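Protein sequence lines correspond, in order, to chains G and R. Final position of the first sequence in the working numbering is 115; the numbers increase by one with none missing. Final position of the second sequence in the working numbering is 227; the numbers increase by one with none missing. The C-beta atom is built at its ideal place from N, Cα and C for all residues, glycine as well. Quick caveat, the model's predicted, so the values are computed rather than measured.
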Amino acid sequence: QKEVEQNSGPLSVPEGAIASLNCTYSDRGSQSFFWYRQYSGKSPELIMFIYSNGDKEDGRFTAQLNKASQYVSLLIRDSQPSDSATYLCAVDPLAFSGGYNKLIFGAGTRLAVHP
Amino acid sequence: SAVISQKPSRDICQRGTSLTIQCQVDSQVTMMFWYRQQPGQSLTLIATANQGSEATYESGFVIDKFPISRPNLTFSTLTVSNMSPEDSSIYLCSVEFGREAFFGQGTRLTVV
Numbered sequence: 001q002k003e004v005e006q007n008s009g010p011l012s013v014p015e016g017a018i019a020s021l022n023c024t025y026s027d028r029g030s031q032s033f034f035w036y037r038q039y040s041g042k043s044p045e046l047i048m049f050i051y052s053n054g055d056k057e058d059g060r061f062t063a064q065l066n067k068a069s070q071y072v073s074l075l076i077r078d079s080q081p082s083d084s085a086t087y088l089c090a091v092d093p094l095a096f097s098g099g100y101n102k103l104i105f106g107a108g109t110r111l112a113v114h115p
Numbered sequence: 116s117a118v119i120s121q122k123p124s125r126d127i128c129q130r131g132t133s134l135t136i137q138c139q140v141d142s143q144v145t146m147m148f149w150y151r152q153q154p155g156q157s158l159t160l161i162a163t164a165n166q167g168s169e170a171t172y173e174s175g176f177v178i179d180k181f182p183i184s185r186p187n188l189t190f191s192t193l194t195v196s197n198m199s200p201e202d203s204s205i206y207l208c209s210v211e212f213g214r215e216a217f218f219g220q221g222t223r224l225t226v227v
């Protein structure tokens with residue numbers, strides 16, 4: 001059974017702080033990793049994807065991947081109240097080449113940014 | 116990117132009845148995906164619908180309970196059959212462009 005694990009939270013951080021969201025996965029052969037944000041009552045929207053070990057930065061967001069430890073994280077700098085949402089980690093256990101994204105989602109971490 | 120229209124957005128249904136959810140995409144896509152998100156839980160893939168062939172169901176989901184149609188490259192339906200309260204959930208359709216999955220607005224189903 002392929003699994004993606006996340007701490008359900010809530011993770012509470014003050015406005016302006018760095019929020020750190022973590023995710024571990026069980027399938028060592030996984031190749032593609034995604035972070036989705038889901039506001040209450042809304043559908044998920046993609047924030048970032050990462051395929052290679054190391055860091056990937058996009059604005060206030062940084063995704064970090066460590067395949068040896070089977071660990072992926074999302075850092076949100078200068079957190080804003082509008083960042084308050086559930087963050088879903090998703091893993092594609094198939095190599096992208098020749099396949100489509102068949103995503104396995106974690107349960108999500110609820111982030112609360114307070115003023 | 117893709118714009119996905121899903122309907123109904125919500126419904127309250129009697130147990131034992133069936134509900135068909137529709138998903139319309141503004142572009143042609145090969146694969147369409149149906150997910151379920153139970154209260155407080157994450158998304159679970161129900162099945163993958165490929166135009167012109169039978170849908171592929173994930174472990175724990177069967178065609179008799181969740182029949183899927185895929186008549187063309189922009190449209191799909193998911194039927195939740197013989198519903199019970201345990202089927203109360205959000206159902207989402209999804210398509211993939213490049214490496215990004217796009218989701219419909221979801222159908223919030225309550226079975227009473």
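- Residue pairing by DSSP places V177 of chain R opposite no residue, since no beta bridge is assigned to it.
- Around the C-beta of S191 of chain R, 16 or more other C-beta atoms lie within 10 Å, and the residue is accordingly described as buried.
- Legend: CB atoms of the segment 192 to 219 of chain R lying less than 7 Å from CB atoms of chain G belong to residues L207, E211, R214, E215, A216, F218, G219.
- Around the C-beta of I18 of chain G, fewer than 16 other C-beta atoms lie within 10 Å, and the residue is accordingly described as exposed.
- The Cβ neighbour count for R130 of chain R, taken over all protein chains shown within 10 Å, is under 16; the residue is labelled exposed.
- In the structure shown, P10 of chain G falls within a coil segment according to DSSP collapsed to helix, strand and coil.
- Residues H114 of the same chain have their beta carbon placed closer than 7 Å to that of P14 of chain G, with the five preceding and five following residues left out of the count.
- When C-alpha distances from S8 of chain G are compared across R:S168, R:S142, R:A117, R:Q156, the shortest belongs to R:Q156.
- For chain G, none of the residues of the segment 166 to 178 of chain R brings a beta carbon within less than 7 Å of one of its beta carbons.
- Taking a cut-off of 8 Å for Cβ pairs, the segment 37 to 55 of chain G and the segment 134 to 145 of chain R do not touch, as fewer than three such pairs fall below it.
- The criterion of a C-beta distance shorter than 8 Å is satisfied by P182 of chain R and T194 of chain R.
- For N22 of chain G and P81 of chain G, the gap between their C-alpha atoms comes out near 20 Å.
- One alpha carbon belongs to L103 of chain G, the other to S203 of chain R, and they sit about 22 Å apart.
- With fewer than 16 other Cβ atoms inside 10 Å of its own Cβ, V118 of chain R counts as exposed.
- Among the bridge pairs identified by DSSP, E57 of chain G is matched with G:T62.
- Along the length of the segment 28 to 53 of chain G, whole beta strand (DSSP E) runs at least 3 residues long occupy 32 to 38, 45 to 50, reported in chain order.
- Assignment of beta-bridge partners to L207 of chain R by DSSP yields R:Y150.
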